[in-house]
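Chemist: Protein sequences appear in the order of chains B and F.
Going by the working numbering, the final residue of the first sequence carries number 393, and the count climbs one at a time with no gaps.
Going by the working numbering, the final residue of the second sequence carries number 393, and the count climbs one at a time with no gaps.
Glycine included, every Cβ here is placed at the ideal spot set by N, Cα and C.
There are 2 protein chains.
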Amino acid sequence: MERQRTFALVAQDCLARAGELRTAHGVVRTPAFMPVGTAGSVKGLAPWELARLQPEMILANTYHLLLRPGVEVVERLGGLHRFMGWHGPILTDSGGFQVFSLARRSKLSEEGVEFRSHVDGKAVLLTPEGCMEAQRKLGVDVAMALDVCPPLPAPPEVLKEAVERTTRWAFRCRKALPPQEGPLLFGIVQGGLDLQLRRQALHALQALDFDGYALGGFSVGEPPQAMWEAVGTLAPELPADCPRYLMGVGTVRDILEAVAAGVDLFDCVIPTRNARNGLLHTSCGPVVVKQARYRFASTPPDPHCACPTCKTVSLAYLRHLYLAREAAYVVLATVHNLHFYLTLMRQIRSAIIEGRFAELRRSLLAEPAAAVEAS
Amino acid sequence: MERQRTFALVAQDCLARAGELRTAHGVVRTPAFMPVGTAGSVKGLAPWELARLQPEMILANTYHLLLRPGVEVVERLGGLHRFMGWHGPILTDSGGFQVFSLARRSKLSEEGVEFRSHVDGKAVLLTPEGCMEAQRKLGVDVAMALDVCPPLPAPPEVLKEAVERTTRWAFRCRKALPPQEGPLLFGIVQGGLDLQLRRQALHALQALDFDGYALGGFSVGEPPQAMWEAVGTLAPELPADCPRYLMGVGTVRDILEAVAAGVDLFDCVIPTRNARNGLLHTSCGPVVVKQARYRFASTPPDPHCACPTCKTVSLAYLRHLYLAREAAYVVLATVHNLHFYLTLMRQIRSAIIEGRFAELRRSLLAEPAAAVEAS
Chain B
19 MERQRTFALV
29 AQDCLARAGE
39 LRTAHGVVRT
49 PAFMPVGTAG
59 SVKGLAPWEL
69 ARLQPEMILA
79 NTYHLLLRPG
89 VEVVERLGGL
99 HRFMGWHGPI
109 LTDSGGFQVF
119 SLARRSKLSE
129 EGVEFRSHVD
139 GKAVLLTPEG
149 CMEAQRKLGV
159 DVAMALDVCP
169 PLPAPPEVLK
179 EAVERTTRWA
189 FRCRKALPPQ
199 EGPLLFGIVQ
209 GGLDLQLRRQ
219 ALHALQALDF
229 DGYALGGFSV
239 GEPPQAMWEA
249 VGTLAPELPA
259 DCPRYLMGVG
269 TVRDILEAVA
279 AGVDLFDCVI
289 PTRNARNGLL
299 HTSCGPVVVK
309 QARYRFASTP
319 PDPHCACPTC
329 KTVSLAYLRH
339 LYLAREAAYV
349 VLATVHNLHF
359 YLTLMRQIRS
369 AIIEGRFAEL
379 RRSLLAEPAA
389 AVEAS
Chain F
19 MERQRTFALV
29 AQDCLARAGE
39 LRTAHGVVRT
49 PAFMPVGTAG
59 SVKGLAPWEL
69 ARLQPEMILA
79 NTYHLLLRPG
89 VEVVERLGGL
99 HRFMGWHGPI
109 LTDSGGFQVF
119 SLARRSKLSE
129 EGVEFRSHVD
139 GKAVLLTPEG
149 CMEAQRKLGV
159 DVAMALDVCP
169 PLPAPPEVLK
179 EAVERTTRWA
189 FRCRKALPPQ
199 EGPLLFGIVQ
209 GGLDLQLRRQ
219 ALHALQALDF
229 DGYALGGFSV
239 GEPPQAMWEA
249 VGTLAPELPA
259 DCPRYLMGVG
269 TVRDILEAVA
279 AGVDLFDCVI
289 PTRNARNGLL
299 HTSCGPVVVK
309 QARYRFASTP
319 PDPHCACPTC
329 KTVSLAYLRH
339 LYLAREAAYV
349 VLATVHNLHF
359 YLTLMRQIRS
369 AIIEGRFAEL
379 RRSLLAEPAA
389 AVEAS
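1. Could you work out which residue in Pro326/B, Leu156/B, Thr269/B is closest to Leu383/B when comparing CA atoms only?
2. Based on Cα-Cα distance, which residue from Arg100/F, Leu83/F, Met265/F lies nearest to Trp66/F?
3. Give the residues from the segment 336 to 350 of chain B that approach chain F closer than 7 Å (Cβ to any Cβ), ordered along the chain.
4. Could you work out which residue in Tyr81/F, Leu203/F, Ala253/F, Arg183/F is closest to Arg192/F when comparing CA atoms only?
5. Leaving out five residues on either side along the sequence, give the residues of the same chain with a beta carbon under 7 Å from the beta carbon of Cys325/F.
6. Listing by chain order, which chain B residues have their CB less than 9 Å from the CB of Thr110/F?
7. Out of Ala121/F, Leu298/F, Val92/F, Leu264/F, point me to the one whose CA is closest to Thr48/F's CA.
8. Report yes or no: do three or more beta-carbon pairs, one from the segment 80 to 92 of chain B and one from the segment 313 to 324 of chain B, lie closer than 8 Å?
9. Closest to Leu252/B by CA distance: which of Leu215/B, Leu274/B, Pro241/B is it?
10. Please check if any C-beta of chain F sits within less than 8 Å of the C-beta of Ala57/B.
11. For Cys28/F and Pro107/F, I'd like the C-alpha separation in whole angstroms.
12. DSSP state of Gly250/B, grouped into three classes?
13. Please decide whether Thr300/B counts as near chain F, where near means a Cβ-Cβ distance under 8 Å.
14. So with CB distances below 8 Å, who are the chain B contacts of Phe133/F?
15. At a Cβ cut of 8 Å, what residues of the segment 59 to 73 of chain B count as close to chain F, listed as they run along the chain?
16. Compare the C-beta of Phe358/B against all C-beta atoms of chain F and say whether one is closer than 8 Å.
17. Just the Cα atoms here: how many angstroms apart are Ala172/F and Pro304/B?
18. Which residues of chain F have a Cβ atom closer than 9 Å to the Cβ of Val91/B, listed in chain order?
19. How big is the Cα-Cα spacing for Ile206/F and Asn292/F?
20. Using DSSP bridges, identify the partner residues of Met52/B.
21. Quick check on Met19/F: does DSSP put it in helix, strand or coil?
22. On the DSSP bridge assignment, give the partners of Met162/F in chain order.
23. In angstroms, rounded to a whole number, what distance separates the CA positions of Ala219/F and Asp229/F?
24. Verify the contact flag: Gly210/F, CB atom, against every heavy atom of the ligand SAM, threshold strictly below 7 Å.
25. Quick check on the DSSP output: what are the complete beta strand (DSSP E) runs of length 3 or more inside the segment 65 to 118 of chain B, in order along the chain?
26. Take Met19/B and list the residues in its own chain whose beta-carbon comes closer than 6 Å to its own, dropping the five residues that flank it on each side.
27. Give the residues of chain F in contact with Leu95/B, contact being defined as C-beta atoms less than 8 Å apart.
28. Using CA coordinates, which residue listed in Gly139/F, His136/F, Arg134/F, Ala163/F is at the minimum distance from Glu147/F?
29. Starting from the Cα of Leu156/B, find the closest Cα among Val91/B, Leu336/B, Ile371/B and give me that residue.
30. Give every residue of the same chain whose Cβ lies closer than 7 Å to the Cβ of Thr123/F, excluding the five residues on either side of it in the sequence, and list them in chain order.
31. Hey, does Met52/B have any beta-carbon neighbour from chain F nearer than 8 Å?
32. Could you give the distance in angstroms between the alpha-carbon of Ala388/B and the alpha-carbon of Gly239/F?
33. Nearest-angstrom Cα distance between Asp259/F and Leu223/F?
34. Run through DSSP, which three-state label would Thr184/B get?
35. In chain order, what residues of the same chain lie with their CB nearer than 7 Å to the CB of Asp227/B, ignoring the 5 residues before and after it?
36. Using 8 Å as the threshold, is the C-beta distance between Tyr312/B and Met102/F below it?
What follows is the structure, given as structure tokens:
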């Protein structure tokens, strides 16, 4: 039986692609940026506020939900969509990255990775099978395979072993979550900046017929140029009939470079974290809200922006809320920054469909440098 | 020339009153509860979120705005309404209470009160004239006279001197902000639990033809019963053709008692502060969200509530957000608690107009005690 494709290309403009990914909770129009809702909440946004921004898909973290409130709690409450009051598509990462970066005393074996919860210190064993079970119980639309994420840069032999184990785990993940059962499953290509290693990994993963392929382990400290080059080489080699996901990336510039290479999906904390830390992304470049020059700024944070924040308040007011540590600041700033990113993605998609992506990319890169590179 | 009345009674049910206060930014239907927006923001709520709750009037604090961002900033940005994106009526307190409770090293003289800003330690002199000027610059709808607020309970002679100075300052406030110039101006009756002292103060204030009269210095540690009795005696003695405002009060029970005595306006941090601290007001009594019993609570925080929060998420989800210290928790909980208070006020007003306030009061007081007494 021919397996039904969940991903279809709508347009291609050089290597850049506009596509549609069908999920159980709706179609994801790509290229798409996923706002990060780590613990089942995009920080500061009530569910209706998130819905109003109309993201195509959001990301949540299996690791965080596993530790709190617990996958069983979410399952008993009807799954993650119902739990968090978001009824569009959800992708969860596998927790691999967090286990290696957040958990205490993680101990890696072929079986899985054992670690102490950063919430309550409890010992947890995360195996490929358990990770698939968790994401299935969460009821998400797209699950990610469990990967091994050594701190990068890593010595070649460490990197190689991590990649090989990630591949063996990918087999176990696919076995635990076979095609057309529960969520879509994406495989993750690791390998740092070693292109040959990444190609070997990709080759092995392709045999498993994943529903999408992700590039992991980028934007972890390497120079942006190095990432752009590696992604520029690798993205076109990922299966053309599946969505391609560049994990944890990135700046506007990063996104433009990756889309140009044929990447379809992104997630990143940049817009939301920057918002909380007082940096706004605007069409005129980055705005550091606390600056004294904005004390009397009666204009919106971004005069060209149509988001609820820019339609309602002045930059001076945002500055005041930030300095006074008012809780509403996070709401207003997050709404704006996410609107900025999501609008950008819609512009990119339209440009691809209309065959003028190169032009859009050039014009965006010509804008105040920091507008596209702020991270 | 006969001065035009800004307040009109719509109905009276025993001593309870339903009225309409006309302000420059709309009519305030009383009895009304004012959400507290201390620093020009109801904590956690974007302006559109506040607007959706449709409060009749909100309260902001002159003291806080004076210190940050500064009255001049707000004025240059077009006044407080425009600054905070709230276009309904605003009342500001005078800052008297905060100077005596928050400021460092306050020094009281006949001229005014000098203090150190709790924000940056700068010395500030607040005089009755300066206080009126500040509220006029903020462009609010209702200004409050500057009062002297000694810590209560106070020795009789301290209390008496504070009340007499408040009266002398009231003269200066009225002179600085005469009738029909700028904001409406309310006088404040102080005097602790000494009814005779309060009556003398009221008598003196009435000669100044204020647009409304407030009872200050209640709910500052005295037993609730003592406040109910004092307010029960004093409220009916306040001018019947002006709005009566019980400052900083209170619990649902407090409000019911005061409305029964003829009070028209209230403000209090209870619903908003309780929300942040994890206590929800519901029709089934108070809910302490962190309790383990709510771990799997798939029902809304209040099954009988029509607020956006209760229409969208479960109590278990709110509990999760609270425990995970997620910023969205404050939004969701504040929306609910304010909706609870504002709905209560609308019920009270309807009941008064329909002549069944006593019945409503009885039925509310018969509910789970803490539903009306939680503070």
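Modeler: Checking against the coordinates, here is how it stands:
1. Thr269/B
2. Arg100/F
3. Listed in chain order, the positions of the segment 336 to 350 of chain B with a beta carbon within less than 7 Å of a beta carbon of chain F are His338, Leu339, Leu341, Ala342, Glu344, Ala345, Ala346, Val348, Val349, Leu350.
4. Leu203/F
5. Closer than 7 Å at the Cβ level, and outside the excluded window around Cys325/F, lie Val353, His354, His357.
6. Here the premise fails: no neighbours, minimum Cβ distance about 16 Å.
7. Leu264/F
8. no
9. For Leu252/B, the nearest C-alpha among the options comes from Leu215/B.
10. yes
11. Inspection of the sequence shows that residue 28/F is occupied by Val rather than by Cys. Each residue's Cα considered, the two are about 19 Å apart.
12. helix
13. By this cut-off, Thr300/B is not an interface position.
14. Going along chain B, no residue has its Cβ under 8 Å from Phe133/F, so there is no contact; the nearest lies around 18 Å.
15. Residues passing the 8 Å Cβ filter: Ser59, Val60, Lys61, Gly62, Leu63, Ala64, Pro65, Trp66, Glu67.
16. no
17. 54 Å
18. Arg313, Phe314, Ala334, His338
19. 27 Å
20. Asp285/B
21. Confidence at Met19/F is low in this model, with a pLDDT of 44, below 50, so its placement is unreliable and the value that follows should be read with caution. Met19/F: coil per DSSP, three-state reduction.
22. Phe204/F
23. The straight-line gap from Cα to Cα measures roughly 16 Å.
24. Ligands are entirely absent from the displayed structure, and the ligand SAM is therefore not among its contents.
25. 76 to 79, 108 to 111
26. Reliability fails at Met19/B, whose pLDDT of 43 lies under 50, so the model's placement of it is uncertain and the value that follows must be treated cautiously. Nothing meets the Cβ criterion.
27. Phe314, Ser316, Ser332, Ala334, Tyr335
28. Ala163/F
29. Val91/B
30. First, the amino acid is wrong: residue 123/F is Arg here, not Thr. Excluding sequence neighbours, Arg123/F sits near Phe133, Arg134.
31. For Met52/B, the nearest beta carbon of chain F is not closer than 8 Å to its own beta carbon.
32. Only weak support exists for where Ala388/B lies, its pLDDT of 49 falling under 50; the value from the coordinates is given anyway. Going by the C-alpha atoms only, they are around 54 Å apart.
33. CA-to-CA, the gap between Asp259/F and Leu223/F works out to about 15 Å.
34. helix
35. Pro197
36. no
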